[in-house]
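K.L.:
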Amino acid sequence: MVTENVNANVGTALIGKVKQKVGANAILAVSTTLCKTGATVIKIPFYKYMANLAGNKNLLLHVPAFNVINGGSHAGNKTAMPEFMILPMGASSFKEAMIKKKYGKDATNVSTEGGFAHNFQESKEGLELLKTKAGQKNDRSQKISGVSLKNVYKSFVEDYLIVSIEDPFDQDDWEHYAKLTCETERQVQIVRDDLLVTSPKRVDKAIKENTCNALLLKVNQIGSVTENIEVVRMSTNAGCGVMGNHNSGETEEDTTFIAGLYVGLPTGQIKTGAPCRSRCLFSFLT
Numbered sequence: 003m004v005t006e007n008v009n010a011n012v013g014t015a016l017i018g019k020v021k022q023k024v025g026a027n028a029i030l031a032v033s034t035t036l037c038k039t040g041a042t043v044i045k046i047p048f049y050k051y052m053a054n055l056a057g058n059k060n061l062l063l064h065v066p067a068f069n070v071i072n073g074g075s076h077a078g079n080k081t082a083m084p085e086f087m088i089l090p091m092g093a094s095s096f097k098e099a100m101i102k103k104k105y106g107k108d109a110t111n112v113s114t115e116g117g118f119a120h121n122f123q124e125s126k127e128g129l130e131l132l133k134t135k136a137g138q139k140n141d142r143s144q145k146i147s148g149v150s151l152k153n154v155y156k157s158f159v160e161d162y163l164i165v166s167i168e169d170p171f172d173q174d175d176w177e178h179y180a181k182l183t184c185e186t187e188r189q190v191q192i193v194r195d196d197l198l199v200t201s202p203k204r205v206d207k208a209i210k211e212n213t214c215n216a217l218l219l220k221v222n223q224i225g226s227v228t229e230n231i232e233v234v235r236m237s238t239n240a241g242c243g244v245m246g247n248h249n250s251g252e253t254e255e256d257t258t259f260i261a262g263l264y265v266g267l268p269t270g271q272i273k274t275g276a277p278c279r280s281r282c283l284f285s286f287l288t
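Residue numbers (the working numbering): 3 to 288.
1) Going along the chain, which residues of its own chain have a beta-carbon closer than 6 Å to the beta-carbon of Phe158, five neighbours each way excluded?
2) The alpha helix (DSSP H) that contains Ala180, what's its start and end?
3) With DSSP run on the structure shown, which of helix, strand or coil describes Ala67?
4) Pull up the distance between the alpha-carbon of Asn69 and that of Asn54, whole angstroms please.
5) Would you mind reading off the limits of the beta strand (DSSP E) that contains Lys145?
6) To the nearest angstrom, report how far apart Ile44 and His64 are at their CA atoms.
7) Count the other CB atoms, across all protein chains shown, that sit within 10 Å of the CB of Lys59; report buried if there are 16 or more and exposed otherwise.
8) If you drop the 5 nearest sequence neighbours on each side, which residues of the same chain put their C-beta closer than 6 Å to that of Glu232?
9) Would you report the Cα separation of Ile167 and Ser237, rounded to the nearest angstrom?
10) How is Gln191 classed by DSSP in three states: helix, strand or coil?
11) Ile46: buried (16+ other C-beta within 10 angstroms of its C-beta) or exposed?
12) With a Cβ-Cβ cutoff of 9 Å, do Gly243 and Gln191 count as a contact?
13) Since Phe259 and Thr34 should fall inside the 8 Å C-beta cutoff, what is the C-beta to C-beta distance between them, to a whole number of angstroms?
14) Relative to the C-alpha of Gly73, which residue among Leu129, Val193, Gly148, Asn27 is closest?
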């Protein structure tokens, strides 16, 4: 009965490019359920099932990107940059006691992403906390040109242990994405999220115009698991990195699926918030 319903009704509605009619959320729900069921039926771990679908024979545990400090809309403070992350690639971490001593009791407030929402006044204070160097004033009433902002990022790369920058410019500023990628190519990865939204067509354009060298992969943005596999394949074939990503508000079951998916696909990195909330811990531990 269930199989007949899927084939006759659900399948008919989903086959083809009909996202406007069905919606990405509905497509993703069916797609992920089929993948989980497939792994269960043939009795193999989910990550191996996904690796088989993607033709990925080189399985690696991805480097976790810990979202340890939050600002902007994620935290409700005055910091312009929404996320400060640590990737365990030789850079040192910090202890909660050190933060509390320097910034007071409210320094251990936690945002929706699970990272600390300190009462910072400046963007560079987040970097200062990670490397204990001086910050720079952040005036949100001022506007900055693409060239000036590019130079700010380049100074961050020179002064701090920066290995990755996500969405450094306005989503339509292809020109300065390309310039920053070119000028920092051997030092840092430029990750694009907002404009590409895990769309194969947009990813292809970004690759051709060299406006980034890494993609932030979000399974819910495109709809089907098949299209996520296609996007990862496009990126890796072009020599671009892939950082798998979560979304705020996901359940522990969601993050378990995402962790298995990103191991099965050659993503290399996973960004799932701070190792604080239970759903974030699930993605690191499963």
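For each residue, glycine too, the CB sits at the ideal point set by N, CA and C. All values reported here derive from a predicted model rather than from experimental measurement.
P.N.:
Answer, in terms of the structure:
1) Reading the sequence shown from its first residue, position 156 is the one you call residue 158. Ile164.
2) Counting from 1 along the sequence shown, the entry for residue 180 is found at position 178. Per DSSP, Ala180 belongs to the alpha helix (DSSP H) from 176 to 185.
3) Residue 67 sits at position 65 when you count from the first residue of the sequence shown. Assignment of Ala67 by DSSP, reduced to helix, strand and coil, places it in the strand class.
4) By one-based count along the sequence shown, residue 69 stands at place 67. By one-based count along the sequence shown, residue 54 stands at place 52. Computed Cα separation, rounded: 30 Å.
5) Numbered from its first residue, the sequence shown carries residue 145 at position 143. Note, Lys145: premise wrong, no beta strand (DSSP E); not H, not E.
6) In the sequence shown, residue 44 corresponds to position 42, counting from 1. In the sequence shown, residue 64 corresponds to position 62, counting from 1. Looking at the two C-alpha atoms, the distance is approximately 25 Å.
7) Translated into positions along the sequence shown, residue 59 becomes position 57. Lys59 comes out exposed.
8) Translated into positions along the sequence shown, residue 232 becomes position 230. Excluding positions up to five away in sequence, the list reads Pro202.
9) Within the sequence shown, numbered from 1, the residue matching residue 167 stands at position 165. Within the sequence shown, numbered from 1, the residue matching residue 237 stands at position 235. About 17 Å.
10) Translated into positions along the sequence shown, residue 191 becomes position 189. Correct three-state label for Gln191: strand.
11) Position 44 of the sequence shown holds residue 46. Exposed, because fewer than 16 other Cβ atoms sit within 10 Å of the Cβ of Ile46.
12) As a first step, residue 243 is located in the sequence shown; it is residue number 241 there, counting from the start. As a first step, residue 191 is located in the sequence shown; it is residue number 189 there, counting from the start. Taking 9 Å as the Cβ cut-off, Gly243 and Gln191 qualify as a contacting pair.
13) Within the sequence shown, numbered from 1, the residue matching residue 259 stands at position 257. Within the sequence shown, numbered from 1, the residue matching residue 34 stands at position 32. Between the beta-carbon of Phe259 and that of Thr34 there is about 6 Å, and that keeps the pair under the 8 Å contact cut.
14) For the purposes of this step, residue 73 is taken as residue 71 along the sequence shown, with counting starting at 1. It is Leu129.
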